[in-house]
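Chains as they are written, first to last, in this note's numbering: chain A, 3 to 345; chain B, 3 to 345. Note sheet for the following structure.
Number of protein chains: 2
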Amino acid sequence: MIKSLLEVLSGRKQAVPPIWMMRQAGRYLPEYRELRAKAGSFLDLCFTPEYAAEVTLQPIRRFGFDAAIIFSDILVIPYALGRSVRFEAGEGPRLDPLDTPEKIATLAPQADFTKLEPVFEALRRVKRGLDTKTALIGFCGAPWTVATYMVAGQGTPDQAPARILAYQHPEAFEKIIDALVDNSIQYLVGQLKAGADALQIFDTWAGVLPPREFARWSIEPTRRIVAGVRQQMPGAKIIGFPRGAGALLPEYLERTGVEGVSIDWTAEPSLIRERVQSRAAVQGNLDPLALIAGGDALDRAIDDVLDNYAGGRLIFNLGHGILPETPIAHVEQMIKRVRAYKP
Amino acid sequence: MIKSLLEVLSGRKQAVPPIWMMRQAGRYLPEYRELRAKAGSFLDLCFTPEYAAEVTLQPIRRFGFDAAIIFSDILVIPYALGRSVRFEAGEGPRLDPLDTPEKIATLAPQADFTKLEPVFEALRRVKRGLDTKTALIGFCGAPWTVATYMVAGQGTPDQAPARILAYQHPEAFEKIIDALVDNSIQYLVGQLKAGADALQIFDTWAGVLPPREFARWSIEPTRRIVAGVRQQMPGAKIIGFPRGAGALLPEYLERTGVEGVSIDWTAEPSLIRERVQSRAAVQGNLDPLALIAGGDALDRAIDDVLDNYAGGRLIFNLGHGILPETPIAHVEQMIKRVRAYKP
Numbered sequence: 003m004i005k006s007l008l009e010v011l012s013g014r015k016q017a018v019p020p021i022w023m024m025r026q027a028g029r030y031l032p033e034y035r036e037l038r039a040k041a042g043s044f045l046d047l048c049f050t051p052e053y054a055a056e057v058t059l060q061p062i063r064r065f066g067f068d069a070a071i072i073f074s075d076i077l078v079i080p081y082a083l084g085r086s087v088r089f090e091a092g093e094g095p096r097l098d099p100l101d102t103p104e105k106i107a108t109l110a111p112q113a114d115f116t117k118l119e120p121v122f123e124a125l126r127r128v129k130r131g132l133d134t135k136t137a138l139i140g141f142c143g144a145p146w147t148v149a150t151y152m153v154a155g156q157g158t159p160d161q162a163p164a165r166i167l168a169y170q171h172p173e174a175f176e177k178i179i180d181a182l183v184d185n186s187i188q189y190l191v192g193q194l195k196a197g198a199d200a201l202q203i204f205d206t207w208a209g210v211l212p213p214r215e216f217a218r219w220s221i222e223p224t225r226r227i228v229a230g231v232r233q234q235m236p237g238a239k240i241i242g243f244p245r246g247a248g249a250l251l252p253e254y255l256e257r258t259g260v261e262g263v264s265i266d267w268t269a270e271p272s273l274i275r276e277r278v279q280s281r282a283a284v285q286g287n288l289d290p291l292a293l294i295a296g297g298d299a300l301d302r303a304i305d306d307v308l309d310n311y312a313g314g315r316l317i318f319n320l321g322h323g324i325l326p327e328t329p330i331a332h333v334e335q336m337i338k339r340v341r342a343y344k345p
Numbered sequence: 003m004i005k006s007l008l009e010v011l012s013g014r015k016q017a018v019p020p021i022w023m024m025r026q027a028g029r030y031l032p033e034y035r036e037l038r039a040k041a042g043s044f045l046d047l048c049f050t051p052e053y054a055a056e057v058t059l060q061p062i063r064r065f066g067f068d069a070a071i072i073f074s075d076i077l078v079i080p081y082a083l084g085r086s087v088r089f090e091a092g093e094g095p096r097l098d099p100l101d102t103p104e105k106i107a108t109l110a111p112q113a114d115f116t117k118l119e120p121v122f123e124a125l126r127r128v129k130r131g132l133d134t135k136t137a138l139i140g141f142c143g144a145p146w147t148v149a150t151y152m153v154a155g156q157g158t159p160d161q162a163p164a165r166i167l168a169y170q171h172p173e174a175f176e177k178i179i180d181a182l183v184d185n186s187i188q189y190l191v192g193q194l195k196a197g198a199d200a201l202q203i204f205d206t207w208a209g210v211l212p213p214r215e216f217a218r219w220s221i222e223p224t225r226r227i228v229a230g231v232r233q234q235m236p237g238a239k240i241i242g243f244p245r246g247a248g249a250l251l252p253e254y255l256e257r258t259g260v261e262g263v264s265i266d267w268t269a270e271p272s273l274i275r276e277r278v279q280s281r282a283a284v285q286g287n288l289d290p291l292a293l294i295a296g297g298d299a300l301d302r303a304i305d306d307v308l309d310n311y312a313g314g315r316l317i318f319n320l321g322h323g324i325l326p327e328t329p330i331a332h333v334e335q336m337i338k339r340v341r342a343y344k345p
């Protein structure tokens with residue numbers, strides 16, 4: 003059967019856009035919270051194929067989304083590079099900071115892919131559990147975004163530590179980026195071989211970069227990953243998500259060569275239609291807070307996304323991940339309204 | 003003598019762009035820290051005309067900037083509306099949250115302007131202390147940004163409380179906005195009468211809003227303020243700063259009618275030149291972290307701003323406020339390089 007998400011990425015607009023949600027396997031679901039409580043640490047959940055496959059499938063069973071995205075984390079690459087990565091409850095990730103050229107010089111160039119085998123195994127399990135119309139998405143973090151955590155050792159306001167290091171020691175910073183590019187290629191290829199139908203590259207913190215730095219640290223590493231994956235897997239379908247890139251999105255699309263661009267809720271519709279959707283699929287871009295708000299405001303926000311983008315190639319999604327406090331009834335309201343869409 | 007900043011706002015490009023910095027009276031200056039230690043609370047500093055005038059003048063004496071901006075805070079309007087506003091050390095502002103329609107119904111529509119008289123007195127003092135080529139800028143927060151603090155009672159990630167309230171209870175939220183519009187007009191007019199040569203409206207959190215909400219909560223209240231000020235003070239020169247507005251900037255300019263648009267460091271240069279600078283002065287947009295980094299990276303970032311925008315009407319500034327940890331030598335390096343600019 004046809005997978006509507008792949009159709010859109012292959013250039014064929016669908017009358018009713020396919021729909022999935024970033025972070026759709028997550029804490030807003032009681033069945034996720036139940037399994038999460040049994041799983042030990044967050045990384046144990048990611049690296050136990052039985053669990054990771056199960057939480058990946060939970061939102062598919064409950065909502066019938068058009069795509070599943072493998073349950074994992076963007077920091078599995080630093081983990082496989084031998085960095086210490088901990089997720090402390092309510093704290094976000096913690097790593098040993100790579101905040102000087104001296105420390106960066108110690109970074110291993112090659113990840114230990116045996117550590118990532120459980121992700122591939124989870125993909126194989128999910129693939130067996132999906133029907134033939136549901137696409138399976140693999141992913142990685144973009145080098146810039148992953149590097150912001152590796153440099154600071156944690157999430158930081160405006161990603162200041164990584165930005166200052168990149169200004170002061172660009173060669174050292176590039177060493178982190180290079181390691182992430184090379185290993186992300188291998189990781190994404192592995193995900194395709196394990197059954198992923200398409201890939202997404204999450205550049206969550208792209209939006210803090212000035213144009214010159216955006217070109218160097220967000221676009222160029224992503225371009226290298228896209229080219230590197232395609233060299234081994236011709237025809238691979240890749241969605242880029244440079245969150246907050248705003249008016250820099252057309253340049254990102256042109257230079258990276260992705261088939262789809264995921265846009266956040268602040269995007270300006272005419273720029274996106276004329277300079278992005280004219281050449282690629284657009285994915286997005288409901289405000290996750292409208293999904294929390296519900297009611298008429300949610301209906302209006304859904305209609306805005308459809309009115310703005312459903313005339314072209316659209317994958318309906320949120321503008322960022324769903325938040326834990328989102329009522330399930332609002333997700334149902336969204337899916338019903340999108341699927342009832344009449345062009 | 004001619005004030006170069008006003009020349010640029012009046013449509014006359016300067017060969018060397020005027021320069022000042024947002025938050026130029028601030029903690030990176032030892033003379034500021036010394037006076038701050040004597041002043042009691044942060045609001046005491048704002049509301050003691052002698053102190054506020056002195057810190058406003060400090061960066062002018064040290065660096066000879068082309069504009070002084072009155073030392074104050076965007077939360078003086080909620081304070082004059084009778085809200086409790088506290089600044090706790092290292093904590094940011096704290097207010098009593100206006101987070102339900104019931105609480106919002108208690109909001110006074112009219113500020114007590116006797117509480118703001120010290121700001122006007124400080125402006126008069128600064129005016130006497132400035133030479134005739136240095137412009138004096140008054141300011142207020144844009145209603146959206148001020149409302150985000152009034153709703154949540156503090157700064158919040160992604161301004162989620164105000165955004166959800168605005169989705170769920172738009173009429174109640176509009177009541178806050180209306181009070182801020184009306185009193186901001188009166189406050190800005192008072193600043194012009196006390197000696198301000200130009201005004202800036204800071205919409206620091208405009209960038210989190212989707213297009214429909216940006217139009218309603220950022221553009222429209224700003225448009226009303228601009229129109230209201232001009233009704234009483236024809237020819238008033240106003241700079242708008244909808245930080246993070248990205249590709250929505252041209253619409254903001256067109257509909258608000260400001261003479262200048264302050265842009266952050268993530269702006270896309272060709273969009274700004276073609277659709278903003280073609281019709282207004284552009285102010286910005288050095289990355290404040292490049293100013294911390296210093297060295298070659300700072301020179302290159304300065305040159306990018308000049309190369310991108312000095313061909314048109316430019317007021318050189320940062321893309322946001324200067325950070326406390328910025329070395330003074332880097333500020334000197336910036337001023338020297340901008341003033342040596344050869345078109």
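The beta-carbon is built from N, C-alpha and C at its ideal position, and this holds for glycine as well. In this text the structure is predicted, and so the values were computed from the model without any measurement.
### Query
What is the DSSP secondary structure of A:Pro329, counted as helix, strand or coil?
If you number the first sequence from 1, residue 329 of chain A lands on position 327. Note: A:Pro329 maps to coil in three-state DSSP.
### 7 angstroms Cβ shell around A:Thr50 - same chain, five flanking residues per side excluded
Sequence index remark: in the first sequence, residue 50 of chain A carries index 48 (1-based). Taken in chain order, the residues that qualify are Ala41, Pro120.
### Where A:Ile71 sits in the DSSP three-state scheme
Here residue 71 of chain A refers to the residue found at position 69 of the first sequence. Here A:Ile71 carries a strand assignment [DSSP, helix/strand/coil].
### Query
Between the stretch 50 to 69 of chain B and the stretch 15 to 32 of chain B, do at least 3 Cβ pairs fall closer than 8 angstroms?
A contact exists between the stretch 50 to 69 of chain B and the stretch 15 to 32 of chain B.
### Query
Is A:Tyr169 close to chain C, meaning its C-beta is less than 8 angstroms from at least one C-beta of that chain?
Reference to chain C is not applicable here, since the protein chains of this structure are A and B.
### Message
Residues of chain B with CB closer than 7 angstroms to the CB of A:Pro326, please, in chain order.
### Response
Along the first sequence, read from residue 1 onward, the residue named residue 326 of chain A stands at position 324. Proximity of chain B to A:Pro326 at the Cβ level (cut-off 7 angstroms) is not reached, the minimal Cβ distance being about 12 angstroms.
### Query
B:Pro345 lies in the beta strand (DSSP E); which residues open and close that run?
Counting from one through the second sequence, the residue named residue 345 of chain B turns up at place 343. Where B:Pro345 is concerned, there is no enclosing beta strand (DSSP E), given that its DSSP letter is neither H nor E.
### Message
Residues of chain A with CB closer than 7 angstroms to the CB of B:Arg29, please, in chain order.
### Response
The sequence position of residue 29 of chain B within the second sequence is 27, counting from 1. Those do not exist, as B:Arg29 stays about 16 angstroms from chain A at its closest Cβ, beyond 7 angstroms.
#### Entry: Minimum C-alpha distance to B:Ile240 - residue among B:Arg29, B:Gly140, B:Pro99
Numbered from its first residue, the second sequence carries residue 240 of chain B at position 238. Scanning B:Arg29, B:Gly140, B:Pro99 for the CA closest to the CA of B:Ile240 turns up B:Gly140.
### Close Cβ partners of A:Thr58 (< 8 angstroms) along its chain, the five nearest in sequence each way excluded
Numbered from 1 along the first sequence, position 56 holds the residue referred to as residue 58 of chain A. Within the same chain, A:Thr58 has close Cβ partners Ala27, Ala70, Ile71, Ile72, Phe73, Ala124, Val128.
### Query
What number of angstroms, rounded off, separates the C-alpha of B:Val153 from the C-alpha of B:Trp219?
Taking the first residue of the second sequence as 1, we reach residue 153 of chain B at position 151. Taking the first residue of the second sequence as 1, we reach residue 219 of chain B at position 217. B:Val153 and B:Trp219 have their C-alpha atoms some 14 angstroms from each other.
### Message
Taking CB distances under 8 angstroms as the criterion, tell me whether A:Gly297 reaches chain B.
### Response
To locate residue 297 of chain A, count along the first sequence from 1; it is residue 295. Cβ-Cβ to chain B under 8 angstroms: yes for A:Gly297.
### the stretch 131 to 148 of chain B / the stretch 212 to 227 of chain B touching (three or more Cβ pairs under 8 angstroms)
Counting Cβ pairs under 8 angstroms, three or more are found: they touch.
### Identity of the residue in A:Ala247, A:Asn185, A:Ala303, A:Ala282 nearest B:Phe216 by Cα
Taking the first residue of the second sequence as position 1, residue 216 of chain B is located at position 214. The shortest C-alpha separation from B:Phe216 is found at A:Ala303.
### Message
Please give the ranges of any beta strand (DSSP E) in the stretch 265 to 292 of chain B, keeping only runs that are unbroken, at least 3 residues long and fully inside the region.
### Response
Those beta strand (DSSP E) runs which fall completely within the stretch 265 to 292 of chain B and span 3+ residues are 283 to 288.
### Query
When you check each C-beta in the stretch 254 to 275 of chain B against every C-beta of chain A, which residues fall closer than 8 angstroms?
Shown in chain order are the members of the stretch 254 to 275 of chain B whose Cβ falls below 8 angstroms from a Cβ of chain A: Trp267, Thr268, Ala269, Glu270, Pro271, Leu273.
### Task
Ignoring anything shorter than 3 residues or poking outside the stretch 138 to 213 of chain B, list the beta strand (DSSP E) runs there in chain order.
Listed in chain order, the complete beta strand (DSSP E) runs (minimum 3 residues) inside the stretch 138 to 213 of chain B are 200 to 205.
### Query
Closer than 9 angstroms, Cβ to any Cβ of chain B: which residues of the stretch 200 to 226 of chain A, in chain order?
For the stretch 200 to 226 of chain A, the beta-carbon criterion of a distance under 9 angstroms to any beta-carbon of chain B is satisfied by Gly209, Val210, Leu211, Pro212, Pro213, Arg214, Glu215, Phe216.
### Query
Taking only runs of the alpha helix (DSSP H) that begin and end inside the stretch 33 to 95 of chain A, which ones reach a length of at least 4 residues, in chain order?
Listed in chain order, they are 44 to 49, 51 to 65, 78 to 82.
#### Entry: is_contact[A:Asp289, chain B] using C-beta, thresh 8 angstroms
Numbered from 1 along the first sequence, position 287 holds the residue referred to as residue 289 of chain A. Residue contact check for A:Asp289 against chain B: a CB pair falls below 8 angstroms.
### Query
With 16 as the cutoff for other CB atoms within 10 Å, does B:Ser86 come out buried or exposed?
Taking the second sequence and counting its residues from 1, the one referred to as residue 86 of chain B is at position 84. Label assigned to B:Ser86: exposed.
### Message
Bridge partners for B:Pro244 per DSSP, in chain order?
### Response
The residue you call residue 244 of chain B lines up with position 242 of the second sequence. Answer is B:Asp205.
#### Entry: Expected contact under 8 angstroms - CB spacing of A:Tyr30 and A:Ile330 to nearest Å
What you label residue 30 of chain A is simply residue 28 of the first sequence in a count that begins at 1. What you label residue 330 of chain A is simply residue 328 of the first sequence in a count that begins at 1. With 8 angstroms as the limit, A:Tyr30 and A:Ile330 qualify as a contact, their Cβ atoms being about 7 angstroms apart.
### Task
Return the residues of the stretch 151 to 167 of chain B that lie within a Cβ-Cβ distance of less than 7 angstroms from chain A, sorted by chain order.
Within the stretch 151 to 167 of chain B, the residues whose Cβ lies closer than 7 angstroms to some Cβ of chain A are Ala162, Arg165, Ile166, listed in chain order.
### Query
On the premise that A:Glu276 lies in contact with B:Pro213, defined as a C-beta separation below 8 angstroms, what is that separation, rounded to the nearest angstrom?
The sequence position of residue 213 of chain B within the second sequence is 211, counting from 1. The sequence position of residue 276 of chain A within the first sequence is 274, counting from 1. In fact, because the Cβ distance is near 15 angstroms, the residues do not count as touching under 8 angstroms.
### Task
Please determine, among B:Ala249, B:Tyr151, B:Ile227, the residue with the shortest C-alpha to C-alpha distance to B:Trp207.
Numbered from 1 along the second sequence, position 205 holds the residue referred to as residue 207 of chain B. Taking only the C-alpha atoms, the option nearest B:Trp207 is B:Tyr151.
### Message
Output needed for A:Thr224: all residues of its chain with C-beta closer than 8 angstroms, excluding positions within five of it in sequence on either side, in chain order.
### Response
The residue you call residue 224 of chain A lines up with position 222 of the first sequence. These residues qualify, in order along the chain: Ala144, Pro145, Ile203, Asp205, Gly242, Pro244, Tyr254, Thr258, Val260.
#### Entry: Unbroken beta strand (DSSP E) run spanning B:Arg316, endpoints
Here residue 316 of chain B refers to the residue found at position 314 when the second sequence is read from its first residue. Sequence check: residue 316 of chain B is Leu here, not Arg. Bounds of the beta strand (DSSP E) holding B:Leu316 are 316 to 320.
### Query
Out of curiosity, what's the CA-to-CA distance linking B:Ser6 and A:Ser6?
Locating residue 6 of chain B in the second sequence gives position 4, where the first residue counts as 1. Locating residue 6 of chain A in the first sequence gives position 4, where the first residue counts as 1. Here the alpha carbons of A:Ser6 and B:Ser6 stand approximately 58 angstroms from one another.
### Query
Between the C-alpha atoms of B:Asp184 and A:Leu132, what's the straight-line distance to the nearest angstrom?
Along the second sequence, one-based indexing puts residue 184 of chain B at 182. Along the first sequence, one-based indexing puts residue 132 of chain A at 130. Going by the C-alpha atoms only, they are around 57 angstroms apart.
### Query
Is A:Gly321 closer than 8 angstroms to A:Gly286 when the C-beta atoms are compared?
Along the first sequence, read from residue 1 onward, the residue named residue 286 of chain A stands at position 284. Along the first sequence, read from residue 1 onward, the residue named residue 321 of chain A stands at position 319. In contact: A:Gly286 and A:Gly321 (Cβ atoms closer than 8 angstroms).
### Query
Shorter than 8 angstroms from the beta carbon of A:Asp306 to some beta carbon of chain B?
Taking the first residue of the first sequence as 1, we reach residue 306 of chain A at position 304. Yes, because at least one Cβ of chain B sits closer than 8 angstroms to the Cβ of A:Asp306.
### Message
Please report whether the beta-carbon of A:Gly248 lies at a distance below 8 angstroms from any beta-carbon of chain B.
### Response
What you label residue 248 of chain A is simply residue 246 of the first sequence in a count that begins at 1. So yes, A:Gly248 belongs to the interface.
### Query
Are the stretch 76 to 93 of chain B and the stretch 182 to 199 of chain B touching, with three or more C-beta to C-beta distances below 8 angstroms?
Taking 8 angstroms as the limit for Cβ pairs, the verdict is that the stretch 182 to 199 of chain B does touch the stretch 76 to 93 of chain B.
### Query
Mind pulling the chain A residues with CB within less than 7 angstroms of B:Ile294?
Counting from one through the second sequence, the residue named residue 294 of chain B turns up at place 292. The answer, in chain order, is Ile166.
### A:Leu308 in three-state terms, based on DSSP
Reading the first sequence from its first residue, position 306 is the one you call residue 308 of chain A. Three-state result, A:Leu308: helix.
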